[in-house]
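Chains as they are written, first to last, in the working numbering: chain A, 72 to 167; chain B, -7 to 602.
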């Protein structure tokens, strides 16, 4: 448990990281470093996107599954690691 | 109440009668057509013909008369029926069907045959939880997925799971890849993605505009020619060979520690092991071994705390997960790096023949075990300040065999003289042995090795002969700190010493071919470049130098000064790219890229005598 906390702290202190959100499969944030309203907004929107992405991949090949999703935008990059029980979302601005 | 089944009852012969019920006919619709070949076809045909004739004769025949009748028609009544609302989900997708086929085998929950149900659980998780929408769906999902929801509810389980840790690892590396991307790309010699593309372009445009404006406005001003010269100078400066610092491996754990050794993993060229230990005997801080991955320069993948300072490291080639560590109290430990387990795998502290003084270097080398040349096994060799070179075997514990004792040259001569006179004196005289500092095995014939000692003598020995040296080279005046065979020419080796010199030797000649001194500082480490035959790097206390013997034997090609107050202590060339790693006494390993370094063709070292 301590190792996980340490790793999360390290990730948070990396250059440009704006926030980390861990959500469970029901959409409830377990751990977040951002304020509540942004967290809820991110969670709701990202969840739908991940479902769509996963559905697309599996339609193409049912034995395949989504392991990592990165969305690079003009202002920042959102990295999502989806799993059966949880989502890990990290928002980073690499050119900060 | 179930009857108790006894053994006797099981063994009884039971008669079972099978009967069939009568055929129950629900619907019997006899056909209206008969095959032409049937038995009564003739009779039926005649009947058909008679009927056809009858119909023909009907018109105008008195036998038949037309008459109307009225049938009863009941009053019609409309009745309304309501059915359960039919909920449409995204039509069963390919993966839905796949999941229900194979998921039913894997899951323990009772998933009913309807594939649409698994689709419900996703639509339920909406952030807008309107109660009207979700109630009917909730009831259906609760049948199917109760166990899944229970597990998901516990956040601590999620955070502690191993999968989560792996995901965190990947995520951290992704983030770092974003940050370090240009540096890593330079290391791997890939084209660099310009993250600040727009900014750079803007800057260039601005510079150009500025330049143009100057030309237009100030035709006779001094500014323009100067700027032009400045630019040319810049261009010139960037063409001379230089080192560019790419990144630094360091973290809080390593701050302030001296780096004593570094080694690449033989199988995974991205894995670097670094040993931290003080050279000064008075400083007894416990040592540290960190395994760094190129993918994460901010935190090591593995951290091992050792009791005493670490002096030497080597990865095994045959079993790439074995890392051998030599320490200042003479113990040798082998760590298995594949697991996160922090404990040392094997240690030599219980061995009776272990070194009782610092182990200065450890190395894995292949040794001929059997009579045939093909039987090669890998063994760990170590050289230590107690003057012994040992070969270690790993069974359950480490055990060693002595390969050689470094006797002092003077004493050996005396011994020989006394033996000639007195004929085999069997008295055991305790003689102090020459402390050994470093050794290196021949790249082609691994039974020959060179060992350097504290009084400047270099011994050439063979692992099959543990009594005599093949050759001794005594041209150094101070302790020999490093010996390296040339990887391209099997007859050449380099040695460096605390007497400020680096000497280049040919195997069978007792005097060195070249003696290189550039500053009056002790040389701690040298290494041949794995890529260019005539290039090697050396570390003095405050400088890192790259020599190219092809270019000049008087001066190094590149001289890199350390930051003030920092002493460089260790050097390592990267194997596949032209980068060099330098460790210093503040706990940092800096990765430098060698730029603009042109070396002449030819993999052979030209041995020209002065």
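Idealized CB from N, CA, C, for every residue including glycine.
Small disclaimer: the values here were computed from a predicted structure and weren't measured.
query: Taking only beta-carbon atoms, is residue 90(A) less than 8 Å away from chain B?
result: Counting from 1 along the first chain, the entry for residue 90(A) is found at position 19. No, because no Cβ of chain B sits closer than 8 Å to the Cβ of residue 90(A).
task: Could you tell me whether the Cβ of residue 126(A) comes closer than 8 Å to any Cβ of chain B?
output: Here residue 126(A) is taken as the residue at index 55 of the first chain, counted from 1. By this cut-off, residue 126(A) is an interface position.
field: Coarse secondary structure for residue 177(B), derived from DSSP in three states
entry: For this step, residue 177(B) is matched to residue 185 along the second chain. Residue state, collapsed to three classes: helix.
field: Contact set between the segment 160 to 187 of chain B and chain A, restricted to residues whose Cβ is under 9 Å from the partner
entry: So the close ones are 160, 161, 162, 163, 164, 166, 167, 168, 170, 171, 173, 187.
Neighbour flag for residue 247(B) against chain A, beta carbons, 8 Å: The residue you call residue 247(B) lines up with position 255 of the second chain. Taking 8 Å as the threshold, the shortest C-beta distance from residue 247(B) to chain A does not fall below it.
query: Looking at the C-beta of residue 284(B), does it have a partner C-beta in chain A at a distance below 8 Å?
result: Position 292 of the second chain holds residue 284(B). Taking Cβ atoms only, chain A never reaches closer than 8 Å to residue 284(B), which makes this a no.
- prompt: Taking C-alpha atoms, which residue in 239(B), 510(B), 146(B) lies nearest to residue 99(A)?
  reply: Residue 99(A) sits at position 28 when you count from the first residue of the first chain. Across the set 239(B), 510(B), 146(B), the C-alpha of 146(B) shows the shortest separation from the C-alpha of residue 99(A).
task: Using the DSSP secondary-structure output, state which residues sit across from residue 160(A) in a beta bridge.
output: Within the first chain, the letter at position 89 stands for residue 160(A). Answer by DSSP bridge pairing, in chain order: 92(A), 151(A).
- prompt: Given that residue 152(A) touches chain B, what residues does it touch there, using C-beta distances under 8 Å?
  reply: On the first chain, position 81 is the one that residue 152(A) refers to. Neighbourhood of residue 152(A) in chain B, by CB distance below 8 Å: 159, 162, 163, in chain order.
- prompt: If we ignore side chains and look at the alpha-carbon of each, how far apart do residue 78(A) and residue 545(B) end up?
  reply: For this step, residue 78(A) is matched to residue 7 along the first chain. For this step, residue 545(B) is matched to residue 553 along the second chain. Those two C-alpha atoms are separated by around 50 Å.
- prompt: Closer than 7 Å, Cβ to any Cβ of chain A: which residues of the segment 241 to 265 of chain B, in chain order?
  reply: For the segment 241 to 265 of chain B, which is checked against every Cβ of chain A, not one residue is closer than 7 Å.
task: Give the interface partners of residue 87(B) over in chain C, defined as CB-CB distance under 8 Å, in chain order.
output: No chain C appears in this structure, whose protein chains are A and B.
task: Kindly say whether residue 151(B), judged by its beta-carbon, lies nearer than 8 Å to any beta-carbon of chain A.
output: Within the second chain, the letter at position 159 stands for residue 151(B). True, the Cβ-Cβ gap to chain A drops below 8 Å.
- prompt: Given that a residue counts as buried once 16 or more other Cβ atoms are within 10 Å of its Cβ, and exposed if not, what is residue 676(B)?
  reply: A query on residue 676(B) cannot be resolved here, the shown segment of chain B reaching from -7 to 602 and no further.
message: Considering just the uninterrupted stretch of the alpha helix (DSSP H) at residue 87(B), what are its terminal residues?
response: For the purposes of this step, residue 87(B) is taken as the residue at position 95 of the second chain. For residue 87(B), the enclosing alpha helix (DSSP H) covers residues 86 to 90.
message: Against chain B, does residue 159(A) count as a neighbour if the rule is that its beta carbon must be under 8 Å from one of theirs?
response: Within the first chain, the letter at position 88 stands for residue 159(A). Yes, because at least one Cβ of chain B sits closer than 8 Å to the Cβ of residue 159(A).
field: Where residue 163(A) falls, given that 16 or more other Cβ within 10 Å makes a residue buried
entry: Here residue 163(A) corresponds to residue number 92 of the first chain, with the count starting at 1. With 16 or more other Cβ atoms within 10 Å, it is buried.
- request: With DSSP collapsed to three states, give me the class of residue 473(B).
  value: Taking the first residue of the second chain as position 1, residue 473(B) is located at position 481. Of the three classes helix, strand and coil, the one that applies to residue 473(B) here is strand, per DSSP.
field: DSSP three-state assignment for residue 546(B), whether helix, strand or coil
entry: Here residue 546(B) refers to the residue found at position 554 of the second chain. The answer is coil: DSSP assigns residue 546(B) none of H, G, I, E or B.
task: Would you give the residue range spanned by the beta strand (DSSP E) that residue 78(A) belongs to?
output: Taking the first residue of the first chain as position 1, residue 78(A) is located at position 7. From DSSP, residue 78(A) is part of no beta strand (DSSP E) but of the alpha helix (DSSP H) over 73 to 84.
Beta-bridge partners of residue 297(B), as assigned by DSSP: Indexing the second chain from 1 puts residue 297(B) at position 305. According to DSSP, which records beta bridges pairwise, residue 297(B) is partnered with 280(B).
query: Just by C-beta distance, which residues in the segment 297 to 310 of chain B are closer than 8 Å to chain A?
result: For the segment 297 to 310 of chain B, no residue has a beta-carbon sitting nearer than 8 Å to a beta-carbon of chain A.
Close-in-space but distant-in-sequence residues of the same chain around residue 522(B) (CB under 7 Å, 5 per side omitted): On the second chain, position 530 is the one that residue 522(B) refers to. Contacts found: 479, 565, 567.
query: Given a threshold of 16 other Cβ atoms within 10 Å of its Cβ, counted over all protein chains shown, does residue 149(B) qualify as buried or as exposed?
result: Locating residue 149(B) in the second chain gives position 157, counting from the first residue. That one is exposed.
- prompt: Just to confirm, are residue 252(B) and residue 562(B) a CB contact at a threshold of 8 Å?
  reply: Numbered from its first residue, the second chain carries residue 252(B) at position 260. Numbered from its first residue, the second chain carries residue 562(B) at position 570. It is a contact, given that the beta carbons lie within the stated cut-off.
query: Applying a beta-carbon distance threshold of less than 7 Å, which residues of chain A neighbour residue 348(B)?
result: In the second chain, residue 348(B) corresponds to position 356, counting from 1. Neighbourhood of residue 348(B) in chain A, by CB distance below 7 Å: empty, with the nearest CB roughly 38 Å away.
- prompt: Going along chain B in order, which residues have a C-beta closer than 8 Å to the C-beta of residue 75(A)?
  reply: One-based indexing of the first chain puts residue 75(A) at position 4. Those are 151, 152, 156, 157, 160, listed as they occur along chain B.
message: Using beta carbons (cut-off 8 Å, strictly below), is residue 67(A) in contact with chain B?
response: This structure leaves residue 67(A) out entirely; chain A is present only between 72 and 167.
- request: Spell out the partners DSSP gives residue 314(B) in its beta bridges.
  value: Within the second chain, numbered from 1, the residue matching residue 314(B) stands at position 322. Residue 314(B) pairs with 328(B).
field: Span separating the alpha-carbon of residue 233(B) from that of residue 172(B)
entry: Working through the second chain from its first residue, we reach residue 233(B) at position 241. Working through the second chain from its first residue, we reach residue 172(B) at position 180. Straight through space, the alpha carbons of residue 172(B) and residue 233(B) are spaced by roughly 24 Å.
Status (buried if at least 16 other CB within 10 Å, exposed otherwise) for residue 116(A): Counting from 1 along the first chain, the entry for residue 116(A) is found at position 45. By the C-beta density criterion, residue 116(A) is exposed, having fewer than 16 other C-beta atoms within 10 angstroms.
field: Segment limits, alpha helix (DSSP H) that includes residue 49(B)
entry: Here residue 49(B) is taken as the residue at index 57 of the second chain, counted from 1. Here the alpha helix (DSSP H) through residue 49(B) covers 33 to 50.
- prompt: Residues of chain B with a CB under 9 Å from the CB of residue 72(A): which are they?
  reply: Position 1 of the first chain, counted from the start, is the residue given in the question as residue 72(A). Using a Cβ-Cβ cut-off of 9 Å, residue 72(A) is close to 148, 151, 152 of chain B, given in chain order.
- request: Can you pull the chain A residues whose beta carbon is under 8 Å from the beta carbon of residue 90(B), in chain order?
  value: Taking the first residue of the second chain as 1, we reach residue 90(B) at position 98. Within 8 Å of the CB of residue 90(B), the CB atoms of chain A belong to 129, 133, 134, in sequence order along the chain.
message: Check whether the segment 370 to 383 of chain B and the segment 392 to 400 of chain B touch, using three or more Cβ-Cβ pairs below 8 Å as the test.
response: Yes, the segment 370 to 383 of chain B touches the segment 392 to 400 of chain B.
task: Could you tell me which of 92(B), 156(B), 255(B) sits nearest to residue 76(A), measuring between CA atoms?
output: Counted from its first residue, the first chain places residue 76(A) at position 5. For the options 92(B), 156(B), 255(B), the alpha carbon positioned closest to that of residue 76(A) is the one of 156(B).
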